[in-house]
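Only one structure is covered here, and it is reproduced in the block below.
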């Protein structure tokens, strides 16, 4: 009996030694409990979309690891966008679509190797955006320095709604200079002159719908585009041909405005 007790004590000591050895080798204590999935996903409005955030449910035991979040978003029929985040929130840009589907999970990674040690289950979230009151949004840059945008107003739009355009470029926001107005005194377009864009840098365009009654809340519609895809230049003017020393000479003048 005494021999069996000695053997049992030896086995317990060996097991404890192995646990300590594994802990020291990995640099972290082993996580025995399951990781709670993110909870309380909610939306807060942002200038160009929404901020999606969640409760991370991080425990003191988990803080010895590098905590990351895997976020997957899908907009209508578009491809899934998958990214790994350090914060438990993400700004999501919203275009002229109905909303998005998202899911998020927590991952624990080794601080030394970035290997995934453990992860939670997914938490899903569906955002149904408010009704979109505009359609056929179209913009063009012509003659290098002039910027035009137009849009149509849907029939279900509130009667007392008005529409305002601005764009953000190089960290600054610019308001529309001159609106195009329809017979109902609604803004349906914007003209701006003396604008200067770097052709390769994207522009964030924002159309803000302001409603002057309590029937509906204010909404913003976001569009992103690259200037060079919208540029339209005037053709040369005063084209002329002349014959000089048996050669044909072609002259023209550039029209900017």
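Numbering (mature numbering (1 follows the signal peptide of the UniProt record, and there is no 0)), first residue to last: -25 to -1, 1 to 232.
Ideal Cβ placement from N, Cα and C applies to all residues, glycine included.
Extent of the continuous beta strand (DSSP E) run through residue 166 = What you label residue 166 is simply residue 191 of the chain shown in a count that begins at 1. Per DSSP, residue 166 is one residue of the beta strand (DSSP E) stretching across 162 to 168.
query = To the nearest angstrom, how far is it from the Cα of residue 58 to the Cα of residue 124?
reply = Translated into positions along the chain shown, residue 58 becomes position 83. Translated into positions along the chain shown, residue 124 becomes position 149. So the two alpha carbons sit approximately 33 Å from each other.
ask   = Out of curiosity, what's the CA-to-CA distance linking residue 222 and residue 216?
value = Taking the first residue of the chain shown as position 1, residue 222 is located at position 247. Taking the first residue of the chain shown as position 1, residue 216 is located at position 241. Inter-residue distance for residue 222 and residue 216 is about 10 Å (C-alpha atoms, whole angstroms).
inquiry  = Taking the beta strand (DSSP E) that residue 239 belongs to, which residues open and close that run?
reply    = Since the first residue of the chain shown is -25 and the last is 232, residue 239 is not available in this structure.
Where residue 38 sits in the DSSP three-state scheme = Along the chain shown, read from residue 1 onward, the residue named residue 38 stands at position 63. Secondary structure of residue 38 (DSSP, three-state): helix.
task = Can you check the region 80 to 142 for any alpha helix (DSSP H) of at least 4 residues that lies completely inside it and give the ranges in chain order?
result = Taking only runs of at least 4 residues, no alpha helix (DSSP H) segment lies wholly in the region 80 to 142.
inquiry  = One question on the structure: do residue 79 and residue 45 come within less than 8 Å of each other, judged by their Cβ atoms?
reply    = For the purposes of this step, residue 79 is taken as residue 104 along the chain shown, with counting starting at 1. For the purposes of this step, residue 45 is taken as residue 70 along the chain shown, with counting starting at 1. Yes. Within cutoff.
query = If you draw a straight line from the C-alpha of residue 115 to the C-alpha of residue 142, how long is it?
reply = Residue numbering aside, residue 115 sits at position 140 when the chain shown is read from its first letter. Residue numbering aside, residue 142 sits at position 167 when the chain shown is read from its first letter. Looking at the two C-alpha atoms, the distance is approximately 13 Å.
message = Using a Cβ-based criterion (distance less than 7 Å to any ligand heavy atom), does residue 48 qualify as near the ligand MG?
response = Summarising the ligand content, the structure contains no ligands, and the ligand MG is consequently not present.
Residues bridged to residue 47 (per DSSP) = Reading the chain shown from its first residue, position 72 is the one you call residue 47. Residue pairing of residue 47 in beta bridges, as defined by DSSP: 57, 78.
ask   = Taking the C-alpha atoms as reference points, what is the distance between residue 67 and residue 214?
value = Within the chain shown, the letter at position 92 stands for residue 67. Within the chain shown, the letter at position 239 stands for residue 214. Inter-residue distance for residue 67 and residue 214 is about 50 Å (C-alpha atoms, whole angstroms).
Cβ shell of residue 17 (< 7 Å), same chain only, five flanking positions each side left out = Position 42 of the chain shown, counted from the start, is the residue given in the question as residue 17. Cβ within range, chain order: 28.
query = Taking the beta strand (DSSP E) that residue 219 falls in, what are its first and last residues?
reply = As a working note, residue 219 is residue 244 in the chain shown. Looking at the DSSP string, the run of the beta strand (DSSP E) that includes residue 219 is 212 to 219.
ask   = Counting Cβ pairs closer than 8 Å, one from the region 29 to 38 and one from the region 149 to 166, do we hit at least three?
value = The region 29 to 38 vs the region 149 to 166: no contact.
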